[in-house]
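**Student:** The UniProt record's numbering puts the sequence shown at residues 1 to 448.
Beta carbons: idealized from backbone N, C-alpha and C, even for Gly.
Owing to the predicted nature of the structure, the values given are computational and were not obtained by experimental measurement.
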Amino acid sequence: MVAQCQNKALNGRLVAIGCNYEPWIALLEQSGWKTQCCYDLRTVDSILEEFSPCICIVDLSNNDFSLNSISLRANKTKQVRWIALIKKEQLKTDAICQFINNFCVDYFTVPVPGSHLLDTVGHQLGMLDIESSSWHEITTQHEMGLFGESKTIKQLRDMVRRVALTEVNVFLTGENGTGKELIAKSIHNLSKRKHAPFVTINCGALSKDDEKLNFLRHVSRLDEEGAGFNGTIMLDNVEELTKEFQELLLSFIQAPGSDSLDGDSACDVRIIAATSADLDALVAKGEFSKELFYRLNVFHIKVPTLRERGSDIFLLAETFLQKFAKEYSTMASSFSEDSKQLLLRYSWPGNVRELINQVKRAALLAEGNEVRAEHFDLPSKANFKQSLRNIKDEAEKDVLVAVLETHRGQVASAAKDLGVSRATMYRLLNKHNIVPDVRHYNSPFMRE
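1) Taking its Cβ as the centre, do 16 or more other Cβ atoms sit within 10 Å of residue 14, making it buried, or is it exposed?
2) So, do the region 98 to 118 and the region 21 to 36 have three or more beta carbon pairs nearer to each other than 8 Å?
3) Using the DSSP secondary-structure output, state which residues sit across from residue 234 in a beta bridge.
4) Tell me the DSSP secondary structure of residue 450 in three-state form.
5) Measure how close the beta-carbons of residue 412 and residue 371 come, nearest whole angstrom, since I'm counting them as under 8 Å.
6) Return the chain-ordered list of same chain residues with a C-beta closer than 7 Å to the C-beta of residue 443, the five sequence neighbours on each side being excluded.
7) May I ask which residues mark the beginning and end of the alpha helix (DSSP H) holding residue 362?
8) Please report the straight-line C-alpha distance between residue 329 and residue 355, rounded to a whole angstrom.
9) Around the C-beta of residue 294, are 16 or more other C-beta atoms found within 10 angstroms, so that it is buried, or is it exposed?
10) Quick one: is residue 345 buried, meaning 16 or more other Cβ sit within 10 Å of its Cβ, or exposed?
11) Mapping the DSSP letters down to three states, classify residue 116 as helix, strand or coil.
12) Return the chain-ordered ranges of every beta strand (DSSP E) run that is complete within the region 296 to 328 and spans a minimum of 3 residues.
13) Assuming residue 177 and residue 62 form a contact by the criterion Cβ under 8 Å, report the distance between their Cβ atoms to the nearest whole angstrom.
14) Within a Cβ cutoff of 7 Å, which residues of the same chain sit near residue 175, ignoring the five residues on either side of it in sequence?
15) DSSP three-state label for residue 403, please.
16) Comparing alpha-carbon positions, which option in 88, 378, 113, 203 lies nearest residue 246?
17) Relative to the alpha-carbon of residue 456, which residue among 426, 432, 366 has its alpha-carbon at the smallest distance?
18) Buried or exposed for residue 173, going by 16 or more other Cβ atoms inside 10 Å?
19) So what's residue 167 in DSSP terms, helix, strand or just coil?
20) Could you give the DSSP three-state label for residue 245: helix, strand or coil?
21) Please classify residue 180: is it buried, with 16 or more other beta-carbons within 10 angstroms of its beta-carbon, or exposed?
22) Is the Cβ of residue 365 closer than 8 Å to any Cβ of chain C?
23) So is residue 75 buried or exposed if we call it buried at 16+ other beta carbons inside 10 Å?
24) Kindly list the residues whose CB is nearer than 7 Å to the CB of residue 302, restricted to its own chain and excluding five residues on each side of it in sequence; keep chain order.
25) Sort 434, 421, 335, 182 by Cα distance to residue 404 and report the nearest one.
26) Do residue 342 and residue 313 have their C-beta atoms closer together than 8 Å?
27) If you follow the beta strand (DSSP E) that residue 14 is part of, which residue opens it and which one closes it?
28) If you draw a straight line from the C-alpha of residue 77 to the C-alpha of residue 48, how long is it?
29) Going by DSSP in three states, residue 21 sits in which element: helix, strand or coil?
30) Report buried or exposed for residue 165, applying the criterion of at least 16 other Cβ atoms within 10 angstroms of its Cβ.
31) Quick one: what's got a C-beta closer than 7 Å to residue 35's C-beta in the same chain, skipping five residues either side?
32) What residues in its chain sit with their C-beta under 6 Å from that of residue 168, if we drop five residues either side in the sequence?
33) Per DSSP, what are the beta-bridge partners of residue 252 in this structure?
34) Skipping 5 residues on each side, what residues in its chain have a beta carbon closer than 8 Å to that of residue 73?
35) Verify whether the separation of the beta carbon atoms of residue 66 and residue 311 is less than 8 Å.
36) Just mark residue 155 as buried or exposed, buried being the case when its beta carbon has 16 or more other beta carbons within 10 Å.
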């Protein structure tokens, strides 16, 4: 076992916080571990970032550090396995026990048994290798939103990784095209359920009574023989569930032990609900069950729009171009300067899905190595200006109509309220073809 650990340790990295250079550190280094001792918490963050993925051993036996400061660092580290060194009597301290329970994979009481520690860190290094491989596989799936280097997407990936290790239900919100289904699949693939089924149910297609049996079977994950599965169910467009199906789903979630809805067989499923709608507003209106909302919204992930990931836009575009050029056997390999500006200037209301479609089109249309602006079906610069002008004009017209309604069609009083002269007011009314009519003051009409 020790020999195996020594072989694994050739690439092993370990950070020791608050530890003197003791015999167990020398033993680790002799076995091939690269170690870094750290006594100043101000430098811990940068060291852990440099060494990650790594093992971190923190010496709490002398109470040299604030436990809260250590906890904050342990909570935000990625791919770091924490091990605590304590005195035996510290096991009676609630805060120490809570820290070990929340953040550590193991603990040792001083004096540290070197050979036992070597076996433990070797095993944890192997677990890190598996986790790193699995996480790399997930993050390279860049079809719909998890690929990128922006701060926003890094935070999303970290959130996905953390919640995947739990069993809580997840609630995904975000605009259409942001990649909610890929995120749901990533959570499933990183969880202990990754070898079990992943089923997506489009709630908008469950409006007919004859779909009831299928819904029950999907939600309780029963096959034709009534056998249960412990997979993951994604409820897409969950806001479209009818009242009947909301009640059925709530009954299933509330069932003791997650029993199946027909009582034949127990099952164990995780539910990931997704929506592009404002479910809080629907709950407030009584159109969606408040109790069901609370049951589904255990862990909320707001999926960022592509607009919020500005630094990723061109990175994604280049990645998609390489893929589609290879897939369609075209020569396209780069973007012209005007096409780059177009990609960065556009607001992407369809998010990553729209970007994929646009790059696919450009890869097909490009005749040479370079993709130009005309290969995209996007508004030109002039159209952008026109769009902004239209938005401004519409807003201006709405204000004029609203003020006229308030003043019952009286132009003079409306102009005074807006802080403009009567002449300016008439000019604006003429611009928007608005004809105030005192007799019908509740609805000023426009000329045809």
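**Tutor:** According to the structure data:
1) Buried, by the Cβ-count rule.
2) The answer is yes - the region 21 to 36 touches the region 98 to 118, with three or more Cβ pairs under 8 Å.
3) Beta bridge pairing from DSSP links residue 234 with 200, 272.
4) The structure shown does not extend to residue 450, since the chain is modelled only from 1 through 448, so no value can be given for it.
5) Beta-carbon to beta-carbon, residue 412 and residue 371 are separated by about 57 Å, too far to satisfy the 8 Å threshold.
6) Annotation note: pLDDT 42 at residue 443 (below 50); position unreliable, coordinate value reported separately. There are no such residues.
7) First-last of the alpha helix (DSSP H) with residue 362: 351 to 365.
8) A direct Cα-Cα distance of roughly 20 Å separates residue 329 from residue 355.
9) When all chains shown are included, residue 294 counts as exposed.
10) Looking at its Cβ environment, which holds fewer than 16 other Cβ atoms inside 10 Å, residue 345 is exposed.
11) Note: residue 116 maps to helix in three-state DSSP.
12) Runs of the beta strand (DSSP E) inside the region 296 to 328: 299 to 302.
13) Actually they are not in contact, since the Cβ atoms of residue 177 and residue 62 sit about 54 Å apart, beyond 8 Å.
14) If you ignore the 5 residues before and after residue 175, its C-beta comes within less than 7 Å of the C-beta of 276, 305, 351, all in its own chain and listed in chain order.
15) Looking at residue 403 - three-state DSSP - the assignment turns out to be helix.
16) Of the candidates 88, 378, 113, 203, the one whose C-alpha sits nearest the C-alpha of residue 246 is 203.
17) Summary: the structure shown does not reach residue 456, with the chain confined to residues 1 through 448, and so no result is reported for it.
18) When all chains shown are included, residue 173 counts as buried.
19) Three-state DSSP puts residue 167 in coil, outside helix and strand.
20) Three-state result, residue 245: helix.
21) So residue 180 counts as buried.
22) Of the protein chains in this structure there is only one, and it is not chain C.
23) Counting Cβ neighbours within 10 Å, residue 75 comes out exposed, since fewer than 16 surround it.
24) Same-chain partners within the cutoff: 173, 174.
25) For the residues 434, 421, 335, 182, the minimum Cα distance to residue 404 belongs to 434.
26) No, Cβ-Cβ distance for residue 342 and residue 313 is not below 8 Å.
27) Element bounds for residue 14: 13 to 17.
28) CA-CA distance, residue 77 to residue 48, rounds to 8 Å.
29) Reduced to three states, the DSSP call for residue 21 is coil.
30) Answer is exposed; the Cβ neighbour count stays below 16.
31) The residues 14, 16, 25, 28, 29, in chain order, have a CB closer than 7 Å to that of residue 35 in the same chain once the five nearest residues on each side in sequence are set aside.
32) For residue 168, where only same-chain residues beyond five positions count, the Cβ hits under 6 Å are 298, 299.
33) Paired residue(s): none; residue 252 is not in a bridge.
34) Cβ neighbours of residue 73 beyond the five flanking positions: 41, 44, 45, 48.
35) Their beta carbons are not under 8 Å apart, which means residue 66 does not touch residue 311 by this criterion.
36) Label assigned to residue 155: exposed.
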